[in-house]
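In UniProt numbering, the protein residues as written are 1 to 255.
Structure representation (structure tokens):
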């Protein structure tokens, strides 16, 4: 006799095709995570229960959970049930980090990607002006000012500003994308810190460019926000050329 209590299926499971059993299971679990049926931090059912709901073996259920762990959607500990993670850009950040550290070419491509993406983000942020995002941007400006001349503190404030910019759109997927690009920002900032002639005036000018962008978004002026992004990246491009030239010169001298 079945002594288990009746329970409404959690994953809206559909019969899985033999060719992609684990994929079908992981897709259904991911859907439950994304639509909020399982909140961040909540446990998933045990492997055996997942296997029964989908009509698959425990090894298939285990492989589905492994896929979700690799994607950064759940976390597991030995001997414990898997738990849901909050959606974030950590998996993308790792990929971009590997890429930008591999060569200057990949770094330039990643920075170009940021420029293209953030232009659209700035316009959408100026339309929506989500309160949490605007507050994060304002806090970042304050932290940039207090971290003036401190490369590490300034970098973290800069990253917070751009994540806040994404949050201001009210779009969680855009936020995740910007979080994923934190490794790009960090690598660019570390390169810029190698500029021997970077003065406090340069740091202050960077703050002012960010402030101009913030004010355009706060005013709901999408065209001005796009212009501010363009100006910010134009200045960054000049610095990039300087850094690239320095690194090539160092490589030529065998450093």
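Just so it is clear, CB atoms sit at the ideal spot from N, CA and C, and this is done for glycine as well.
_Can you tell me whether residue 118 is buried or exposed? The criterion is at least 16 other CB atoms within 10 Å of its CB, across all chains shown._
Within the chain shown, the letter at position 118 stands for residue 118. When all chains shown are included, residue 118 counts as buried.
*How about the region 20-34 and the region 60-67: do they share at least three Cβ pairs that are nearer than 8 Å?*
Verdict: yes, contact present.
_CB-CB length for residue 184 against residue 110, believed under 8 Å_ = Here residue 184 corresponds to residue number 184 of the chain shown, with the count starting at 1. Here residue 110 corresponds to residue number 110 of the chain shown, with the count starting at 1. Contact holds; Cβ gap of about 4 Å.
*Report yes or no: do three or more beta-carbon pairs, one from the region 35-48 and one from the region 65-83, lie closer than 8 Å?*
Three or more pairs of CB atoms, one per stretch, sit closer than 8 Å, so the region 35-48 contacts the region 65-83.
*With contact counted as at least three CB pairs below 8 Å, one residue from each stretch, are the region 212-230 and the region 143-152 in contact?*
Contact between the region 212-230 and the region 143-152 is absent, with fewer than three C-beta pairs closer than 8 Å.
*Can you tell me whether residue 55 is buried or exposed, with buried defined as 16 or more other CB within 10 angstroms of its CB?*
Residue 55 sits at position 55 when you count from the first residue of the chain shown. Looking at its Cβ environment, which holds fewer than 16 other Cβ atoms inside 10 Å, residue 55 is exposed.
*With contact counted as at least three CB pairs below 8 Å, one residue from each stretch, are the region 148-164 and the region 202-220 in contact?*
In short, these stretches touch, since the Cβ pair count reaches three.
*Mind reading off the beta-carbon distance from residue 214 to residue 138? Whole number of angstroms is fine, and I expect it under 8 Å.*
One-based indexing of the chain shown puts residue 214 at position 214. One-based indexing of the chain shown puts residue 138 at position 138. Cβ atoms of residue 214 and residue 138 come within 8 Å of each other, at about 7 Å.
_Classification of residue 116 by the beta-carbon crowding that lies within 10 angstroms, buried from 16 upward_ = To locate residue 116, count along the chain shown from 1; it is residue 116. Residue 116 should be labelled exposed.
*Between the beta-carbon of residue 166 and the beta-carbon of residue 125, is there less than 9 Å?*
Within the chain shown, numbered from 1, the residue matching residue 166 stands at position 166. Within the chain shown, numbered from 1, the residue matching residue 125 stands at position 125. Yes. Within cutoff.
*Determine, using beta carbons only, whether residue 168 and residue 130 come nearer to each other than 9 Å.*
As a first step, residue 168 is located in the chain shown; it is residue number 168 there, counting from the start. As a first step, residue 130 is located in the chain shown; it is residue number 130 there, counting from the start. Yes; because the gap between Cβ atoms is below 9 Å, this pair is in contact.
*At what residues does the alpha helix (DSSP H) containing residue 91 begin and finish?*
If you number the chain shown from 1, residue 91 lands on position 91. Per DSSP, residue 91 belongs to the alpha helix (DSSP H) from 90-102.
*Using 10 angstroms around the beta-carbon of residue 231, count the other beta-carbons present and answer buried if the total reaches 16, otherwise exposed.*
Translated into the one-based positions of the chain shown, residue 231 becomes position 231. Using a 10 angstroms sphere on the CB of residue 231, the tally of other CB atoms stays under 16, which defines it as exposed.
_What does the Cβ neighbour count give for residue 200, buried or exposed, with the cut at 16 atoms within 10 Å?_
As a first step, residue 200 must be located in the chain shown, where it is residue number 200. Exposed, because fewer than 16 other Cβ atoms sit within 10 Å of the Cβ of residue 200.
*Just the C-alpha distance for residue 67 and residue 208, rounded to the nearest angstrom, thanks.*
Locating residue 67 in the chain shown gives position 67, counting from the first residue. Locating residue 208 in the chain shown gives position 208, counting from the first residue. Their Cα atoms are separated by approximately 44 Å.
*Where does residue 59 sit, in a helix, a strand or coil, going by DSSP?*
By 1-based counting over the chain shown, the position of residue 59 is 59. In the three-state scheme derived from DSSP, where H, G and I count as helix and E and B as strand, residue 59 is classed as helix.
*asked:* Which of the three DSSP states is assigned to residue 217 in this structure?
replied: By 1-based counting over the chain shown, the position of residue 217 is 217. In the structure shown, residue 217 sits in a helix (DSSP, three-state: H, G or I).
*Helix, strand or coil for residue 83 per DSSP?*
For this step, residue 83 is matched to residue 83 along the chain shown. Three-state DSSP puts residue 83 in a strand.
_Residue burial classification, residue 134 (beta-carbon count within 10 angstroms, cutoff 16)_ = Working through the chain shown from its first residue, we reach residue 134 at position 134. The residue in question, residue 134, is buried, as its Cβ has 16 or more Cβ neighbours within 10 Å.
*Buried or exposed for residue 105, please, with buried defined as at least 16 other CB atoms from any protein chain shown within 10 angstroms of its CB.*
Here residue 105 is taken as the residue at index 105 of the chain shown, counted from 1. With fewer than 16 Cβ atoms within 10 Å of its Cβ, residue 105 is classed as exposed.
_Beta-carbon contacts of residue 121 that lie in its chain and below 8 Å, excluding the five residues immediately before and after_ = One-based indexing of the chain shown puts residue 121 at position 121. Same-chain partners within the cutoff: 165, 166, 169, 174, 178.
*State the start and end residues of the unbroken alpha helix (DSSP H) segment that holds residue 42.*
Taking the first residue of the chain shown as 1, we reach residue 42 at position 42. Residue 42 -> no alpha helix (DSSP H), and no H or E assigned at all.
*Sorted by chain position, which residues of the same chain lie with C-beta nearer than 7 Å to residue 11's C-beta, five sequence neighbours on each side aside?*
Sequence index remark: in the chain shown, residue 11 carries index 11 (1-based). 28, 29, 32, 53, listed in sequence order.
*Closest by C-alpha distance to residue 92, when choosing among 217, 180, 216*: The residue given as residue 92 occupies position 92 in the chain shown. Nearest of 217, 180, 216 to residue 92, Cα basis: 180.
*Nearest-angstrom Cα distance between residue 102 and residue 95?*
Residue numbering aside, residue 102 sits at position 102 when the chain shown is read from its first letter. Residue numbering aside, residue 95 sits at position 95 when the chain shown is read from its first letter. A direct Cα-Cα distance of roughly 11 Å separates residue 102 from residue 95.
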